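What follows is a set of notes on a single structure, which appears directly below.
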DNA sequence: TATGAATGAGTCTTCATTCAT
DNA sequence: CATGAATGAAGACTCATTCAT
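Chains as they are written, first to last, in the numbering used here: chain L, 6 to 227; chain V, 6 to 227; chain E, 6 to 227; chain F, 6 to 227.
See below:
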C-alpha cells in the first residue's frame, strides 16, 4: 500500500469504510506498527519488532508496504477511520441535536468526554502521528489539505452557533476554539507527564472542573 | 562529560553557573546537537550531522560524550541552565514583588509573556526533551527528582497566594495551575501545528486574550 | 551461535557430532575465521576479511555470531570436534590394543605420527587458540574445566601402564608425559620457526629420531 | 627511532651497549610497550595505554617512534641487548671453560638454569616477540639474518664438542640441539599453560630431572 | 502468497597520528 | 622537547530491503 492509495475524501465521508476493505494482513501490520512506533518512535522501531508484534515474517511487511516510511504513512488510515471520522460524524451532531434541551456546560462536558475517550482509546496512534509529523511534514500534508479544515470548520460552526445562542461570549471564534482545544490537550498532556501531580479524580470529574473553568474562568467575578 | 557529572542542585541554585564552566567545545557540540535533534529527532540524527553542524570532526564529539546517548543526556544541562533556572529565579519573584501594585491580569500577562519568550527562544531544546523523554525515561529522571517538584511548588505558591488575595477563585490550586499551563501550552502547540489558523496577532495581543479567557472564561456571565 | 550453546560434554563423547549438526553457513564462517585469524591474529583480523574469505556478505557473519568475540569462541567447536575428540578417542585405544604385540618404540612412533598429522592438518586452528588464549582467558575456561583433565588423564594412563610394563623408567609420570609433549611440541615449533635449520627429513624419519632420543637420551650409555 | 637505526652487529658484539646509549625516554617507552604488548598483544594494545604505563603523554611516543609498528620493532633492541647478547656471551663460555672439570650433566643443568632464568626474567618481552613474529615476519628478519645463525652456531659448537668428548651420542648435532631446546621450551610452555599439572618442584629440581631424561631417556636401559 | 536468510549501505565508535601551544 | 586536543580513516555492527524457495 502507499499513501497515495488512500482516498481521504471517501474515507472521511464514504458510507462504509470498514476494516474489511483493507486486507486483514494490512490492518494486522498497521496495528503492530502503531504499537511499536508508540513505544520506540518511528526511527527507533525495527521492522523486525513490528513483524514480531504482528506475528508475521519480516518480509511480509514489505508485500504490503513498499518501505518503512510507507508504513508510517499507512497509520494515517486508521487515524482517519478510527479517530477523525468519528469525531466529525458521531458525536458533535448527536450532541448538538440535543443542544437546546441541555445547558451549554452539559453539552461541553459530553463533547469533551467523548473526545477524551476517543483520544485515550487511540493514544498510541495519536502520539505517533503527533510526534512524527514534526519530523515528516508529508505526514501532515493530507491532513492539512483535506481534514483539518473540516474539523476546524465543524468546531467553528459549533462555536459560532453558541455565540449566537448567547452561550459563549462574543469573542473571536478561533480564540474560543483554541481554548476548548487547549483545555483538553492540557489535561491529557499534563496527566501523561506527571500523573501524580495532575491527576485529581475520575476523568468525568476532571472534565466537569475543566469545563467550569473554561466557561467561568479562574478569576473572581466582580 | 557524562550526565552523572551534572550537579543539578548546584545548577539550579548555584551562584554562577555560566557557560564558562563547561568547556567551550562541549557547548559547541551540545548546541549543534540541540539543533540537529530538533530537526530530525534523536534516532533520526547522525553523529556526522552533528559534527558538521558543530564544524568539528566526528571523532571530537566522542572526546566529550562517550556515546550518542550521553549527548542526549547532555542537553539537560542547557535545559536547566537556560530554561528551568531562569524560570524559577528571575521572573516570578520580580513579578510578584509588584503584585500588589498591579491587577492580577497584568501580572499574568507579564508572567506568561516572560515564559513564552523563554520557550520560543529555546523551542528546539524543549521540543527535543519533551519528545525524547517519552522514549528515554532516564531523561526525565533527574528532572522528576529534583526540578519538577520545585517548579510545581513555585507555581502552587503563586496560585495559593492569589487565592488568598481574592484574585483567583477558591478552587483546587492544581486545577488553576493546570489551566495556566494548558493555556500557554495550547497556544504554543496550536500555533506551531497550524499557524495559519491559530495565529491571530502579536504574541502580546494573543496573551492578553488568553489571560482574559483564563480569568473570565468563555461563557456569558449570568 | 554462542559459545554457551556448545555442549562440550556431548561434543567430546557424543555419538554423532558431525558438521551436519551445525548450520553449513556457520561452518563456512568458522573456517574462514580460522584461516584469517591464523594469518593476522584475532585483533588484526577484520570482519570484512573474514566475510571475503567465506565469500559471504559481512552482515551475514553477525546473523550467526553476535560479535566478533563470539566468533573467536566459536572456533572452540571445531577445536574439540576435529582435534581433541579424535585425540582422545581414535588413536590411543587403537594403538594400545596392539601394544603388547609391538615394542614401545613402534607404539610411540605411531602415536606421535598420529598426533603430528592431526596438528599439522589443523595448525591454523591450533595456532590461533594457543595464542589468543593468552589474551582471552575465557577461551580456555571450557577447555580447562572439561577437556584438559581428560587429555591429561589419558596420557597419564598410558604412561603409568608402560611404567608397569617395564617399558618406561619408574619416574614421576608427569615428568614422562611432559617429555612426550615437549618432544612433539619442540619439533613442531622449531620446524615452524626455522625450517631451514631444523627440518632434517620426512616427518616419519624425524619422529623415529625423536622417539629414539626420547627413549634412550642423548647421552652415552655408560 | 626506526629499526633501521639498530646496528645489530654492534649490539651483539659491541663493547659497551648500555642503556645510556639509548635515550632514557626511549627505554621508558619500550619498557611500557613490552608490558602492555605482553598483556594485550600488539594489535590489542592502545598507544594511549602505553603512554599511561610510561607516564608520558601519548604524543611523546611519536617523537621517539614514528609509528606504532616502529615501537614493535623497537622491542628488538632490548631483546638483543638483554637476552640474546647475554645468552651468547656470558654463560656458554663461562660454563665451557669449566667443562672438562665438570661432568656433562652438571654443565647442562647450569646452562639450562641460566637460560631459564634469563627467559623468566624477560618473559613478557619473549612472549611478545615470539607471538608477533608470527604475524609480522619483518620482526624476524634482523634476527634471522644476523642473530639466529650465531646462536645456532654456538649451540652446534657446544654439541659437536661434546660429541667429540664422548659426552653425547654421535647423532646429527641438529637433533641434539633440538632436543635441548625442546626440553627447555616444553618445560616453560607447559608450566605456563597448566602450572597445576606440570609444576612439580623448584626450577632447579625440575631442570635436574629434565637433564636426566634428556641424557638418559625415559626408556629402560636394556 | 508468505517466508526468513542474505545482503551491504550506513551507523556509531575507536584510535593512531598530527600539530599548535 | 613535551603535551594532549583534534582529527578522520577504518572498524564492528545494524537493519531495511530483496528474493529464492
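Glycine is no exception: its CB is placed at the ideal position from the N, C-alpha and C atoms. Computed from a predicted structure; not experimentally measured.
Practice item. May I have the straight-line CA-CA distance separating residue 76 of chain E from residue 152 of chain E, to the nearest angstrom? Key: 20 Å
Check your understanding: residue 159 of chain E CB to nearest chain F CB: under 9 Å?
Key -> no
Point to revise | Per DSSP, the bridge partner or partners of residue 173 of chain E | key: F:224
Check your understanding: In whole angstroms, what is the alpha-carbon distance linking residue 71 of chain L and residue 43 of chain L?
Key -> 21 Å
Check your understanding: Between which two residues does the alpha helix (DSSP H) carrying residue 55 of chain F extend?
Key -> 52-59
Check your understanding: Using the rule of at least 16 other Cβ atoms within 10 Å of the residue's Cβ for burial, across every protein chain shown, is residue 86 of chain L buried or exposed?
Key -> buried
Practice item. Excluding the 5 residues preceding and the 5 following residue 167 of chain F in the sequence, name in chain order all residues of the same chain whose CB lies nearer than 7 Å to its CB. Key: 109 and 173
Check your understanding: Would you say residue 220 of chain F faces chain E, with C-beta separation under 9 Å as the test?
Key -> yes
Review point. Between the beta-carbon of residue 138 of chain V and the beta-carbon of residue 130 of chain V, is there less than 9 Å?
Key: no
Review point. Does the distance from the CB of residue 226 of chain E to the CB of residue 39 of chain F come in under 9 Å?
Key: no
**Study point:** Partner residues on chain E for residue 68 of chain F, Cβ-Cβ distance less than 7 Å
**Key:** Simply none; closest approach about 26 Å.
Practice item. Please confirm whether residue 123 of chain F and residue 81 of chain F have their CB atoms less than 9 Å apart. Key: no
Review point. Chain V partners of residue 177 of chain L, CB-CB under 8 Å?
Key: 205 and 214
Check your understanding: Who are the near neighbours of residue 175 of chain L in its chain, counting only those whose CB is closer than 6 Å to its CB and skipping five residues on each side?
Key -> 168
Check your understanding: Grouping DSSP H, G and I as helix and E and B as strand, with all else coil, what is residue 6 of chain F?
Key -> Model confidence at residue 6 of chain F stands at a pLDDT of 42, short of 50, so the residue's coordinates are unreliable; what they give is reported in the following sentence. In the structure shown, residue 6 of chain F sits in coil (DSSP, three-state: anything other than H, G, I, E or B).
Review point. Three or more beta-carbon pairs under 8 Å between the segment 175-184 of chain L and the segment 188-203 of chain V, yes or no?
Key: yes
Review point. How about residue 185 of chain F: is its C-beta nearer than 9 Å to some C-beta of chain E?
Key: yes
Review point. Along chain L, which residues have their Cβ under 8 Å away from the Cβ of residue 172 of chain V?
Key: 224 and 225
Check your understanding: Roughly how many whole angstroms lie between the Cα atoms of residue 218 of chain F and residue 187 of chain E?
Key -> 12 Å
Practice item. Return the CA-CA distance between residue 54 of chain V and residue 92 of chain E, expressed in angstroms with no decimal places. Key: 57 Å
Exercise for review: Consider the Cβ of residue 209 of chain F: report whether some Cβ of chain E lies at a distance smaller than 9 Å.
Suggested key: no
Practice item. Flag this pair as yes or no: are the beta carbons of residue 221 of chain L and residue 221 of chain V separated by less than 9 Å? Key: yes
Review point. Quick one: which chain E residues come within Cβ less than 7 Å of residue 48 of chain F?
Key: 46, 48 and 49
Check your understanding: Are the beta-carbon atoms belonging to residue 157 of chain L and residue 83 of chain L less than 9 Å from one another?
Key -> no
Exercise for review: Please work out which residues of its chain come closer than 6 Å, Cβ to Cβ, to residue 133 of chain V, disregarding the five sequence neighbours upstream and downstream, and give them in chain order.
Suggested key: 42 and 43
Exercise for review: Please look up how many angstroms separate the CB atoms of residue 48 of chain V and residue 46 of chain L, rounded, as I've assumed it's under 8 Å.
Suggested key: 6 Å
Point to revise | As assigned by DSSP and simplified to three states, the class of residue 38 of chain L | key: helix
Review point. Buried or exposed: which applies to residue 211 of chain F, given that a residue is buried once 16 or more other Cβ atoms fall within 10 Å of its Cβ?
Key: buried
Exercise for review: State the Cα-Cα distance for the pair residue 58 of chain V and residue 115 of chain V, rounded to the nearest angstrom.
Suggested key: 35 Å
Check your understanding: So residue 183 of chain V is in the alpha helix (DSSP H); what residue range does that whole segment cover?
Key -> 178-198
Review point. Less than 9 Å separating the beta-carbons of residue 161 of chain F and residue 178 of chain F?
Key: yes
Check your understanding: What is the DSSP secondary structure of residue 70 of chain F, reduced to helix, strand or coil?
Key -> coil
Exercise for review: Determine the DSSP secondary structure at residue 43 of chain E, reduced to helix, strand or coil.
Suggested key: helix
Practice item. Consult DSSP for residue 48 of chain F and reduce its assignment to one of helix, strand or coil. Key: coil
Check your understanding: So what does DSSP say about residue 138 of chain V, is it helix, strand or coil?
Key -> helix
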